[in-house]
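Quick notes on the structure that follows.
Residue numbers (the working numbering): 289 to 683.
Here it is as structure tokens:
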């Protein structure tokens, strides 16, 4: 039976929501309840490609990813259970006009403590002769990075949250909020409404992923976000491709690729992303289009020629929520005291979840995030004329 009161309600059972619930519960936040309208990892998390890497063109996300990497690498010790982390090594290419920025960003990453360095075309051929690299004069390399399993990671956070006393309810949709005028900046949240009844709570965290804009709107909050539809192909790698091969973000061909269990390769079609409306969140096509599949295979075989003898297995699509500056929206919502958002992570949420969850819990309980300063990602930054970007953004 659904409880009637809580100290904090977290909305959304993906990797962000479960991480927030775990960190809140482990910090003795009181009665923490997580509500998921379907099942855990049912949204963006379930279709995430699960890359775990640290290369960013800004120091804030790089620091979040670096701290998150340590959690993935030592998941059983820190959280408990298996997150499925696999070290493959990671290669990042950029377009020619971004090469100087690549050099600057690698220097920035190294100063933060990321184990990364620049590699030349010749060095790429030495460590990964199966890659075609004639068009890559320089790339960034991370030997320790790879990928993890989104479902296992989410269940790890969820189980850890339960061990610390949090309650998780699946199949419970939030349909509204109870507000009153007692907040310092207008209204304040006093509870959530569901078909199974209401829960009185002074703090609510919106971690609803692509549905985050709709959830915020229920409280009268308008988020400047866009829903992106993303397609991924799955290819069975031939024996000629060494295993596991490198994880690669290839901006020259606008794809990314990583190995998967069973000699499979996931190939993300960054070139064929498109937007959908909020009314399509539950009806969007989950099938990989034949046009995208053809372009993905063509680009994959250009970068990894030995894949030409591979077999196409399947494909899937997913959705993600992105903000105006392509960075997360983290923190209290203006105008509704006690209402927090952790949405709009723009496709980076999986690798950032361990630290975003901790930072949000610290912000809610202590008034400031101590793991990393997430102030630049506040919800009001656009109205304040301060969208976030690093000193050397890729274009």
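Glycine included, C-beta positions come from ideal geometry on N, C-alpha and C. The model shown is predicted, which means the values in this text are computed figures rather than measured ones.
Here the alpha carbon of residue 551 sits roughly 43 Å from the alpha carbon of residue 317. Residue nearest to residue 375 within the set 410, 434 and 412 is 434 (criterion: CA-CA distance). Listed in chain order, the non-local C-beta contacts of residue 441 below 6 Å within the same chain comprise 303 and 371, local neighbours out to five positions each way being set aside. Taking residue 327 as reference, the option from 515, 604 and 446 with the minimal CA-CA separation is 446.
The DSSP-derived three-state label of residue 458 is strand. In the assembly as shown, residue 500 is a buried residue. Its beta-carbon has 16 or more other beta-carbons within 10 Å.
For residue 303, there is no enclosing beta strand (DSSP E); the residue is found in the alpha helix (DSSP H) stretching over 303-314. Three or more Cβ pairs drawn from the region 543-558 and the region 520-531 lie within less than 8 Å of each other, which places the two stretches in contact.
As a beta-bridge residue in DSSP terms, residue 467 pairs with 477. Going by DSSP, residue 505 is part of no beta strand (DSSP E) but of the alpha helix (DSSP H) stretching over 500-506. The C-alpha of residue 424 lies about 40 Å from the C-alpha of residue 571. For the pair residue 408 and residue 594, the Cα-to-Cα distance works out to about 21 Å.
Less than 9 Å divides the Cβ of residue 310 from the Cβ of residue 452. Counting C-beta pairs with one atom in each stretch, the region 616-628 and the region 474-485 have three or more that are closer than 8 Å, which means they touch. Spanning the alpha carbons of residue 465 and residue 493 requires a straight line of approximately 12 Å. Looking from the CA of residue 307, the closest CA among 294, 295 and 333 belongs to 333. According to DSSP, residue 633 shares a beta bridge with 610. Fully enclosed beta strand (DSSP E) runs of no fewer than 3 residues occupy 426-430 of the region 409-440, in order along the chain. One alpha carbon belongs to residue 596, the other to residue 583, and they sit about 13 Å apart. Residue 562 is not a Cβ neighbour of residue 615, given a cutoff of 9 Å. Below 8 Å, too few C-beta pairs join the region 533-543 and the region 501-520 to call them touching: fewer than three. Beta-bridge partners assigned by DSSP to residue 673: none are found.
When only Cα atoms are considered, residue 418 and residue 602 end up about 23 Å apart.
Residue 348 is positioned such that its CB atom lies closer than 9 Å to that of residue 678.
Look at residue 601 here: in three-state DSSP terms it is strand. The straight-line gap separating the alpha-carbon atoms of residue 354 and residue 548 is approximately 23 Å. Counting only residues of its own chain and dropping the five nearest sequence neighbours on each side, residue 512 has a CB closer than 7 Å to the CB of 611, 612 and 670. With respect to residue 389, residue 676 sits apart: the two C-beta atoms are not nearer than 9 Å.
In this structure, 489 is the residue among 515, 531, 298 and 489 with its C-alpha nearest to the C-alpha of residue 467. Contact check for residue 650 and residue 657: beta-carbon distance about 5 Å, within the 8 Å limit, so the pair qualifies. Beta-bridge analysis with DSSP links residue 540 to no other residue.
According to the DSSP secondary-structure assignment, residue 662 is paired through a beta bridge with no residue. If you check the CB distance, residue 660 and residue 643 come in under 9 Å. With contacts defined as CB atoms closer than 9 Å, residue 515 and residue 569 qualify as a contacting pair. Annotated three-state conformation of residue 359 is helix, per DSSP.
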